[in-house]
Amino acid sequence: MTTEPKFIHLNVHSDYSMIDGLIKIKSIVKKAFLLGMPSIAITDFTNVCGLIQFYCNSHNMGIKPIVGTDFKVNNNILSNHCTKITILASNNIGYQNLILLISRAYKRGYGLNGPTIELDWLCELKEGLIILSGGRYGDVGRNLLLDNKLLVSKCLQFYKKYFTDNYYLELTRTGRPHEEIYLNKAIELSITENLPVVATNEVRFLNQEDFNAHEIRVAINSGYTISNPKLHSNYSNQQYMRSEDEMCDLFSEIPEALKNTVEIAKRCNVTLKLGKYYLPKFKTGNMNPENFLVFQSKLGLNKRLKFIFKDRIECSKKRIKYDHRLQLELNIINKMGFPSYFLIVMEFIKWAKNNNIPVGPGRGSGAGSLVAYALEITDIDPIRFNLLFERFLNPERVSMPDFDIDFCMEKRDKVIEHVAEIYGQEAVSQIITFGTMTAKAVIRDVGRVLEYPYGFIDKIAKLVPSDIGITLEKAFITEKSLINLYKTDEEVKMLIDTARKLEGVIRNVSKHAGGIVISPTKITDFAPIYCDENGCNTVTQFDKNDIEYIGLVKFDFLGLKTLTIINSTINMVNIRNKQQEKPLINIETISLKDEKSFKMLKKAETTAVFQLESRGMKDLIKRLQPDCFEDIIALLALFRPGPLQSRMVDNFINRKHGKETIYYPDIKWQHENLKPILESTYGIILYQEQVMQIAQVLSGYTLGKADILRRAMGKKDPEEMAKQRSVFKEGAELMGVNTKLAMKIFDLLEKFAGYGFNKSHSVAYALVSYQTLWLKSNYPAAFIAAAMTADIDNIEKIISLVEECYRMKIKILPPNINHSLYEFHVNQEGEILYGIGAIKGIGKLHIESILDTRCKEGSFSNFFDFCQRIDLRKINRRIIEKLIMSGALDCLCSNRALMMNSIDEAIKISNHNIKKKITGQFDMFEVLIKKPKQINMINKNHIFWSPQKQLDAEKETLGLYLTGHPMNAYLKEVAYYSNGINLSTIHSLDHRKTIVIVGIIINIKTMLTKTGHYIAICTLDDSYGRIEIIFYSEIFSKYKSFLKKDNIFIIKGKIKIDNFNDSIKMVAYEVMNIDQARKKHVTEVSILLKDEQFNNKLLNLIYELIESYCSGKIPINIYVNKNNILSKLKNKKKLFVSLNDNLITDLRLLIGNNQVELKFR
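For any residue, its number in this note's numbering is found by taking its place in the sequence shown, counting from 1, and adding 122.
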C-alpha cells in the first residue's frame, strides 16, 4: 500500500526560466523520484518550453507532471503595478487557457517588465486554473506588507469572485527579508477570510551548494558582475529542492499548508495527446487528397518526361520504369496517410517558382522521391541517379516525411508570408531554438561575472579545444595542461567547478534556421508562442522535436545564399544577353558535361564554388581530378571526417586512376550482382543507398527493411545488430548466396555504414555545386560580382573574392557615385564595379536615398552639386566623409583632401539654398551665377593626401586597398631586402633555404599552445599575394612588442609546405621593420630635382622638412637634372638625417614619388 505523500513541490523553475532557473528538467524529475514524490510542478516564468520533456520524463519515472507557469500581472486594482502569481492547470481546459495566457503575455502584454498578463484576462480564461498568490511578491502579499487593507480587500474580492475554490495564499520560508512578517500576516488573513494556504519553496536550484552557481546564472542573464550594486538578488541559499521531511519541519505548525500541496496535486490532471499528426487541410476541389495527389503526380511526370526525352518513341520506352516507380510511391504515400503533406509542399514551391523565387533542386533524402520530382518539389530525377524512395519514406517505419527546402536567402520570407496568407497568420509560425552555455563560453561568462582578469579567463578558455560538441569533461580527458592548472591553481579550480554546474544550461532563445510549422487551426490550440518585445519574430515555445511530439508538422524553409548568387548571376548575364540579342541562359538546361567547367574544376580553381572552395576540398579535387558529374557527387560524400580518416578516399582515388584494381567490393569477398550497385564508385561502398541495395540483392531485404538495417548499422546497437545478422544470413541462404561470403560482405557493410553518406543529398547539392562551377567558368565576372554582393557585409569574404578577380584577370573598379549600384555589378566592358553597399558605415537606406536622387535627376556633376541634391536629413557629414574616403566621389573631384575640407562649406550652401526654396526666394538666375563660384571653391586650396593616406582611407572604409597598394612605394628597396623574391615566385624556390619576404602585416592571430606558451600566425601581403607566417613562442616573445597590423616588415625565415592543403607557410626567424632595415642598409638619400623645380621656394621647403630629421647619420644629397645631366647641389654644410618612413613619404609627396631614391650598401 502506497503511503500518502505529505508535501509536493508546486513552484519549481527549470533552466528554461532564463532569468533565474538553473536545473535541467531531467534532474528535476530524477530528484523528485529519489525524494519519493509522486508528483511535481514546473512553473517556469511565462513559458512552458520544457513541458514535453517534463511530461515524457515524468511519465517514464512514474511521476505525475503538474503544468504551471509563473506570471507577472499588470494589476489594474493596484494602478497597473506589476505583481507576481503562479498559475497551475487542473485539467486540459486549464492547460489550453494557460497556453492562451502565455501567448497573450508575449503578443499583447510585452512592456518594460517583460511579458505580462492583464488581470482582466484571468476573468475570461479562469476555467481549469488554480492560482497561487505569489507570496510577498503577489498583489495581496505586497499590500499586506504595506498594511494597505483596502487594496488587500479589493484584490481578494476579485479572486473570490472568479476563483472561488481555486485561490491559495502562498507561503514560503527561505530566509529572505520580510518573509516571516508576510507569513504571519498571510496566516491571519487566511483565518479571517477563510482562505486556504499552500507551502512552496520557490525552487531555483537543485542542491543547497548550488546557490553560488545560481547567483552567477542570475548575474550572467542580467549582464552585471557579481559585486555590481545594480545586481538585485532576491534569492537565498534555501531555495533548493528540499525533501518532504525538510518541508514538514519548516511548516510543522502550519500542516494545512503542506496538506494543500497534495490536494492541489491530486486536482491537477493534464493529459497531452502525443504522437498523432495534425496536418492542415489542402483544398482539392471535388477530389479527395489521395486522388488529387495521383492526378497531379501523373500530370507532372508527363511534363518531366517530355522535357527529358525529346524523342517520343524513346519517351514511351523509358516511361514504363517511371510509371511503375510512380505508382509504387503513390501507393505508399496514400497508405501512410501523407498525400496532403506532399500537396502542401508542392503548392508553396510552385508558388515560389512562379514568383521568381529561386528554389533549390532538393536537399536530403527527399530528392529520392519520383513523386516529389513529378510535383516539382525537387529537380532531381531519382531514376537517373539510382536514388531510393524508401530512404526518404519507409513504409515499414512510420514517421512523417520531412522535406528540407532551400530558398533564395533574400526571398525566403516571401514564401513564409505566402504560406501565412494561405493558411492564416495565426496558423503559421516559426520554431524556437535554444542556445546553451557551451564549454568555452561558460568559462568566459563565469570568469567575467566573478571579475577575473581578462587574460586569466582567456588563457583558460583557450585551453578548451574548439571541437564541435566539446564539453569540459571531454576537455579534461584530452588537455593535460588544463588538468595541471586545475590541480595546481585554486582560482582555476573554482572557475572550472562553477562553470561545470552551468555548462549546458539554457542561455538564450532564437529562431530555428528554417523550421516552419503549419497548424490545421490556430497555433495556440497546440502550443504557446514566444515573440520579441515588439510582438514580432513569433516562434512556437516548443522546439522542432517537441512540436512534432504534439502532432504539428514541421516544414524546413532554409535560406541558401548560393541560390541568391546563381539567380543574381543569371539576371546580370541575361540583361546583357538581351541587349546584345544573344540567347538567354536557363540554369536548368545547362549541359552536365561542360569541358570548360571540368577544366577549371581539375585545377581546383573553385573559390566561391558551392561546397568546393575550402582548402581541404581543393586538395581532394587535385588528387581526384574529377571529370564527370558523378565524380562531383562522390566528392561531396568523400569530404567528411569518416572517409578522410579511413583509407576510403585513397582507395577511391587510386581505383579511379587505375592504380588499384577495382573489386566489388573487396579482393577476397566479391559477388557479381554487386557490380551494378558499386560501379559508379569504383567498388567502394560510399552511399547509404548502396548499403540498402546490397542487402536487397544478397539477402532479399525489402528496401524498407534495408533502411532499418542501415539505421541499425549507423547506431551500432549490439542487440539490434545481432538480430539483423541472423536475418541477413537466413535471407542470403534463401537467395542461394554462399553464407560465408554473405556474412563477410555483411561485415564490410557494417564497417562502411558508419561512413556512408545520403546519396540523394549528395546528388542535389552536387547539382548546385556544378551550376556555380558552370557560371564561374562561363561568366566569371558576373558570378564573382554576385558572390561579392551575397557577402556584402563580410569583408574577409570580399577580400578573398577580390584576390580571385586578380588571379582571373578580372578588372575591379572602385565605387563610383555616378555608376555604382548598391550591389556589385558588371559593366559593358566586363569589369566589376564595386558596390556602394560594401562601404563600411553607410546603411542601405542612405545609399538608396542617393541612388534614388541620381535615378530621378541624373548624374552628379561635381562635389557641390552632389551635396546640394542629396537629402541632408538622411545623409550626414559622416556618410559624405565615408564616400570621399572610399573613392566613390573621385568622379566628381580627383582630390579627396579638397573634398574633405569643403564638406562644411558645401553643406552650408546646400542648407542655405534649401531655406531659400522654402521661403520662395530662390530663382534660376541666382543658381546660374553661383554654380561656377561653387565649383571654383573646391580648387582654391592646393592640398593633397599622400598616396599612403589615400590607401589608408580606402582600407578603413572598404576593408582593402583598391586603387593601389602600400607596397607599391617600396618596390625598389623591397627588391634589395628580399633579393628579388616575392610571393608570386615563392613556389619555385628551394624550400630548404632561408629566404627574406617583405610585406605588410594585415592580420595577427595569437594562440595559446598546450604547453602554455603563445605563438602568433600573421598574414603578410606583399601586393603579389598573401602568406601565413608562423612565429613560434621564442621568436614571438622576442618581437611581439612591435609586431603591429598595417606595418611593413622584413621577415627572414624558412618555407613550410602544408601537406594537407598544399599551401605554403613561412616560419619566421628574424624580423625588422622598415625603419630598422633602412638604418642597416641605406647609405644615402638622393633627391633628384627637375630643372623647372630648381628654385629657392622648393629648396627652402626641402631644407625645412629635412631639419626635422637631422639628428641621424645618413647623408642626404640633392641633384639637379639639367639637359639630362645630373649635377650634385653643393650645400654649405653636409646634411645628415635619421631615416624615418615619414621623411621619405613627405619628401616624395613634396617633390615626386620617383624623385627620392635610397642607395644601399
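Quick reminder that beta carbons are idealized off the backbone N, C-alpha and C, glycines included.
Contact annotation, W896 with S719: C-beta distance approximately 5 Å; criterion of less than 8 Å satisfied.
For T600, the enclosing alpha helix (DSSP H) stretches over residues 594 to 600.
Taking the Cα positions, L266 is about 14 Å away from K206. Taking C-alpha positions only, A549 is separated from S1155 by approximately 59 Å.
Here the alpha carbon of V771 sits roughly 51 Å from the alpha carbon of K644. In the DSSP assignment, T208 falls outside any alpha helix (DSSP H) and lies within the beta strand (DSSP E) extending over 203 to 211.
Sorting I221, V571, L353, L955 by C-alpha distance to the C-alpha of D647 places I221 at the top. It is roughly 37 Å from the alpha-carbon of H446 to the alpha-carbon of H779. Scanning the segment 1170 to 1209 for uninterrupted beta strand (DSSP E) segments of 3 residues or longer gives 1170 to 1180, 1185 to 1195, listed from N- to C-terminal end.
Contact annotation: I969 and G959 have beta-carbon atoms nearer than 8 Å.
Sixteen is the threshold: since fewer than 16 other Cβ atoms of the shown chains lie within 10 Å of the Cβ of G876, the residue is exposed. Under the three-state reduction of DSSP, Q361 is assigned to coil, being neither helix nor strand. Beta-bridge analysis with DSSP links F470 to no other residue. In the structure shown, Y545 adopts helical secondary structure according to DSSP, grouped into three states.
P237 counts as buried, since no fewer than 16 other beta carbons sit within 10 angstroms of its beta carbon. The beta carbon of D567 lies closer than 7 Å to those of I342, M559 in the same chain, with the five residues before and after it left out. Judged by DSSP secondary structure, C437 falls outside any beta strand (DSSP E) and instead within the alpha helix (DSSP H) spanning 434 to 458. According to DSSP, A1019 shares a beta bridge with no other residue. Within the model, the alpha-carbon separation for L415 versus S462 is close to 8 Å.
The continuous alpha helix (DSSP H) containing V571 extends over residues 561 to 571. Collapsing the DSSP output to three states places K633 in a strand. DSSP, reduced to helix, strand and coil, places A888 within a helical segment of the structure shown. The alpha carbon of D526 has as its nearest neighbour, out of R506, T610, A494, T555, the alpha carbon of A494. In this structure the segment 431 to 441 does not touch the segment 661 to 675; the number of beta carbon pairs closer than 8 Å is below three. Closest by C-alpha distance to K1160, out of I1122, L156, G957, M1194, is M1194.
The C-beta separation of F507 from V885 comes to about 5 Å, placing the pair in contact by the 8 Å criterion. Secondary structure within the segment 265 to 347: the beta strand (DSSP E) runs of 3 or more consecutive residues, fully enclosed, are 289 to 293, 319 to 321 (chain order). Between the C-alpha atoms of F280 and K248 there is a straight-line separation of about 12 Å. Judged by DSSP in its simplified three-state form, N667 adopts helix.
For S161, the pairing in a beta bridge is given by DSSP as K186.
Taking C-alpha positions only, D869 is separated from A730 by approximately 40 Å. In this model, I1224 and Y1146 are separated by some 33 Å (Cα to Cα).
In the structure shown, the three-state DSSP call for Y823 is coil. The continuous beta strand (DSSP E) containing S551 extends over residues 550 to 558. Nearest in C-alpha terms to C989, of all of E366, D788, D1026, is D1026. In the structure shown, Y399 falls within a coil segment according to DSSP collapsed to helix, strand and coil.
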